[in-house]
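Worksheet: the structure to be examined is printed underneath.
Protein chains: 2
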Amino acid sequence: MPKKVDHEARRREISQALWRIASTRGLEGASLRDVAAEAGISLGRLQHYFRTKDEMLVFALRHIEALAQQRIRERIEALDEEPTPRVVLRACLTGMLPLDEQSRTGFLVGVAHFHRAVHDPSLRTDARDGIPKLRSFFAAQLRLAIQRGEVPPERDADDEAMLLISLADGLSTYILLDVHTPEKAVQLLDLQLSKLFAGVERDAAPHP
Amino acid sequence: MPKKVDHEARRREISQALWRIASTRGLEGASLRDVAAEAGISLGRLQHYFRTKDEMLVFALRHIEALAQQRIRERIEALDEEPTPRVVLRACLTGMLPLDEQSRTGFLVGVAHFHRAVHDPSLRTDARDGIPKLRSFFAAQLRLAIQRGEVPPERDADDEAMLLISLADGLSTYILLDVHTPEKAVQLLDLQLSKLFAGVERDAAPHP
Numbered sequence: 161m162p163k164k165v166d167h168e169a170r171r172r173e174i175s176q177a178l179w180r181i182a183s184t185r186g187l188e189g190a191s192l193r194d195v196a197a198e199a200g201i202s203l204g205r206l207q208h209y210f211r212t213k214d215e216m217l218v219f220a221l222r223h224i225e226a227l228a229q230q231r232i233r234e235r236i237e238a239l240d241e242e243p244t245p246r247v248v249l250r251a252c253l254t255g256m257l258p259l260d261e262q263s264r265t266g267f268l269v270g271v272a273h274f275h276r277a278v279h280d281p282s283l284r285t286d287a288r289d290g291i292p293k294l295r296s297f298f299a300a301q302l303r304l305a306i307q308r309g310e311v312p313p314e315r316d317a318d319d320e321a322m323l324l325i326s327l328a329d330g331l332s333t334y335i336l337l338d339v340h341t342p343e344k345a346v347q348l349l350d351l352q353l354s355k356l357f358a359g360v361e362r363d364a365a366p367h368p
Numbered sequence: 161m162p163k164k165v166d167h168e169a170r171r172r173e174i175s176q177a178l179w180r181i182a183s184t185r186g187l188e189g190a191s192l193r194d195v196a197a198e199a200g201i202s203l204g205r206l207q208h209y210f211r212t213k214d215e216m217l218v219f220a221l222r223h224i225e226a227l228a229q230q231r232i233r234e235r236i237e238a239l240d241e242e243p244t245p246r247v248v249l250r251a252c253l254t255g256m257l258p259l260d261e262q263s264r265t266g267f268l269v270g271v272a273h274f275h276r277a278v279h280d281p282s283l284r285t286d287a288r289d290g291i292p293k294l295r296s297f298f299a300a301q302l303r304l305a306i307q308r309g310e311v312p313p314e315r316d317a318d319d320e321a322m323l324l325i326s327l328a329d330g331l332s333t334y335i336l337l338d339v340h341t342p343e344k345a346v347q348l349l350d351l352q353l354s355k356l357f358a359g360v361e362r363d364a365a366p367h368p
């Protein structure tokens, strides 16, 4: 099926062009025409794949999510440790931070999407659907941690999950603004996790 | 000094035009010409005040910071409670969230600035200078709270301050994306504060 292969190859080329623009001058001011020029194809051909800038941004976001998921999965598989809830959560959260070129560009595409979504309710659907899924996954990990006695049972798993997601977002912003280093952001994330994974007093009865 | 008055009045008009654009279609795509048109003045006259879009954004940011500080001060003064460190921190943090039109627009101007700053190191100076000042102020409040026995002494005031600032930023993003309501974001902020202000066991000795 050479036609399908061409189609996929073309999408990948466009994707890489989007990526280059996002990581250098940013996607905010970039038009479809700019992306076509960067990909070395005509505007008409680009529009065969994406009719609007919003379609292109949503495609870029999906691509980034897939890359991030792969990165996180690889990171968890490469660990020598048992994938406990804490290890899984830490891998996901550090995977959300802009710690290298790929994740940095990914975050910037997310910011470009955010910008348009704030002024366009239809674009907000992605965030409204995606974040609650992530929160549910995190909350399930936290409930497991509560069962394992690693997180105190009085913690609300859904609320703690949303605190972690919001924190990762804010820490990322301040990495990109050079307010703190990537290392410092990871350290702050670990601080939040260590306070959450405070364990349960298993041996609370005083010794005689 | 009528000339000075005119000058201030003109800056205020431009400021309001910026504000209207930020709260509707966003400042990202807006040119100096767009702002001049919105303010009902010529481009040449606008450039008498701001030579570049970046100068205009920095001016808008300063204006927003002044408004936010005033809002937070008024909120603290209006409280019936004693301005304890916790009350002061809560007022500052909720003042950072986009809970009404003014703070929402303020946050959006901040996002427009962020966008450009990511791709322009000179613009990052503002964030690099401003956030550490805020962190120092928060950390001083937390050290006071530790002295008062309201926050456990093992907490690192600077790190906890940066966690709160990052959290407020992330919670704000998800308000604007309709992931959670403003009320939910305030509740999550209160959760973080209540875990931090866990107090100190003053009476740890076991009863006989």
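For the record, the sequence lines run as chains S and L.
Residues are numbered in our numbering as their position in the first sequence, beginning at 1, plus a constant of 160.
Residues are numbered in our numbering as their position in the second sequence, beginning at 1, plus a constant of 160.
For glycine and all other residues, C-beta sits at the position ideal for the given N, C-alpha and C.
Please read these numbers as outputs of a predicted model, since none were measured by experiment.
Item, Value
"Output needed for alanine 358 (chain L): all residues of its chain with C-beta closer than 8 Å, excluding positions within five of it in sequence on either side, in chain order.", "Val311 and Pro312"
"Taking 9 Å as the CB-CB cut-off, is alanine 177 (chain L) touching chain S?", "no"
"Looking at the secondary structure, which residues open and close the alpha helix (DSSP H) in which phenylalanine 267 (chain L) lies?", "261-278"
"Report the residue from L:Gln207, L:Asp350 and L:Ile325 whose alpha carbon sits nearest the alpha carbon of serine 332 (chain S).", "L:Ile325"
"Please list, in chain order, all residues of the same chain as arginine 250 (chain L) whose beta carbon is under 7 Å from its beta carbon, the five residues on each side excluded.", "Leu353"
"DSSP three-state label for glutamate 343 (chain S), please.", "helix"
"Please identify, using Cβ separations under 7 Å, the residues of the segment 249-282 of chain L that lie next to chain S, in order along the chain.", "Leu268, Val271, Phe274, His275, Ala277, Val278 and His279"
"Skipping 5 residues on each side, what residues in its chain have a beta carbon closer than 7 Å to that of tryptophan 179 (chain S)?", "Thr265"
"Contact between the segment 180-187 of chain L and the segment 334-346 of chain S is defined here as three or more beta-carbon pairs at a separation below 8 Å; is this criterion met?", "no"
"Taking C-alpha atoms, which residue in L:Gln176, L:Val218 and L:His273 lies nearest to leucine 336 (chain S)?", "L:His273"
"Is valine 311 (chain L) helix, strand or coil by DSSP?", "coil"
"Quick check on this structure: which residue in L:Ala228, L:Arg231, L:Ala196 and L:Arg295 has the alpha carbon closest to the alpha carbon of methionine 216 (chain L)?", "L:Ala196"
"Beta-carbon within less than 6 Å of leucine 268 (chain L)'s beta-carbon, same chain only, minus the 5 sequence neighbours each way: which residues are those?", "Ala182"
"Name the chain L residues whose beta carbon is nearer than 7 Å to that of leucine 331 (chain S)?", "Ser326"
"Taking isoleucine 306 (chain S) as the reference, give the member of S:Leu239, S:Leu356, S:Thr254 and S:Asp166 with the closest Cα.", "S:Leu356"
"Against lysine 293 (chain L), what residues of chain S qualify as contacts under a CB-to-CB distance less than 8 Å, listed in chain order?", "Residues of chain S passing the Cβ test: none, with the nearest at roughly 11 Å."
"Would glycine 189 (chain S) pass as an interface residue toward chain L - the criterion being a Cβ-Cβ separation below 9 Å?", "yes"
"By the DSSP assignment, the alpha helix (DSSP H) with isoleucine 232 (chain S) in it spans what residues?", "213-238"
"Once DSSP output is grouped into helix, strand and coil, what is the label at proline 281 (chain L)?", "helix"
"Under a CB-based cut-off of 9 Å, is proline 186 (chain L) close to chain S?", "Sequence check: residue 186 (chain L) is glycine here, not proline. Glycine 186 (chain L) counts as touching chain S."
"CA-CA distance, leucine 278 (chain L) and valine 360 (chain S)?", "The sequence given here places valine at residue 278 (chain L); leucine does not occur at that position. Those two C-alpha atoms are separated by around 42 Å."
"Closer than 8 Å by beta-carbon distance: list the chain L residues that pair up with lysine 355 (chain S), in chain order.", "Lys355"
"For leucine 192 (chain L), return the contacting residues in chain S, with the cut-off set at a CB-CB distance below 9 Å.", "Correct list: empty, because the minimum Cβ distance to chain S is about 14 Å."
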